[in-house]
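Visitor:
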Amino acid sequence: MKVINRHWIVIFFCAYSLVNFAQNTEDTQEELDTDAYKPVVMDPLAPSRAAFYSAILPGLGQAVNKKYWKIPIVYAALGTGIYFYLDNDKNYKRYRNAYKRRLSGFSDDEFFGEGTIPLLSNEALIRAQETLRRNKELSLLITIGLYALNIIDANVDAHLLQYNVDKNLAINPFVDFDTPDTSAQLGLSINFNF
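Next up, the structure:
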């Protein structure tokens, strides 16, 4: 049973190698003239330029990299973080002003309600202020993190645009027949064409 499995593996690799070699030898002049065989001009400053532009104006680095679909995502992420920061700040000031008015002896704040018993006690106002201040600081940190992620994305994307993926780099399976033993050696070959 092991002999049959080994023979099928050898036949598979032989057939794959023949198909692969046949495709490599049939290169026409049209294929040689394509952009894949032209040397790619590398700009070593492109990643730092894209990161700098993204730091100046979020989304500009993505525009330099011609990844225009990322720009709305960047602005939506930063806008959401800024919205939550401003909303938490506004509510924090409401609760703080109501607490300050109660400490001054007034009972006309929006959380006191009607009558002599307040809707929210002084301790509830203090807890609300602490929660809103923590949420405000957290949304500020998340917004700063999203801004940094915007810069990192522009830099990494510019690096990946210069990554060399052409037809001169290949990994091909091969079968090497050892004639004295009539046994096959299986392996992979890595070919670099300069």
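Residues 1 to 194, numbered by the numbering used here, are exactly what the sequence shown covers, in order.
Here a beta-carbon is modelled for each residue, glycine too, at the ideal position from N, C-alpha and C.
Based on Cα-Cα distance, which residue from D153, Y163, L138, A154 lies nearest to T80?
Guide: Ranking the options by Cα distance to T80, first place goes to L138.
Visitor: Which residue's Cα is closest to the Cα of I151: A63, A124, A50?
Guide: Nearest of A63, A124, A50 to I151, Cα basis: A50.
Visitor: Since I believe Y95 is in contact with N122 (beta carbons under 8 Å), could you give me their beta-carbon distance rounded to a whole number of angstroms?
Guide: About 11 Å separates the two Cβ atoms, so there is no contact after all.
Visitor: So F52 is in the alpha helix (DSSP H); what residue range does that whole segment cover?
Guide: Where F52 is concerned, the enclosing alpha helix (DSSP H) stretches over 46-56.
Visitor: Would you call Q162 buried or exposed, if buried means 16 or more other Cβ atoms sit within 10 Å of its Cβ?
Guide: Exposed.
Visitor: Quick one: what does DSSP say Y75 is sitting in, helix, strand or coil?
Guide: Helix.
Visitor: What whole-angstrom Cβ distance do Y92 and L45 have, given they're in contact under 8 Å?
Guide: With 8 Å as the limit, Y92 and L45 do not qualify as a contact, their Cβ atoms being about 44 Å apart.
Visitor: Apply the 10 Å Cβ neighbour rule to D157 and answer buried if 16 or more other Cβ atoms are within range, or exposed otherwise.
Guide: Answer is buried; the Cβ neighbour count reaches 16.
Visitor: Suppose the cutoff is 6 Å on Cβ atoms and the five residues either side in sequence are ignored; what does the same chain contact list for P72 look like?
Guide: Excluding positions up to five away in sequence, the list is empty.
Visitor: Helix, strand or coil, according to DSSP, for I11 in the structure here?
Guide: Helix.
Visitor: R102: buried (16+ other C-beta within 10 angstroms of its C-beta) or exposed?
Guide: R102 should be labelled buried.
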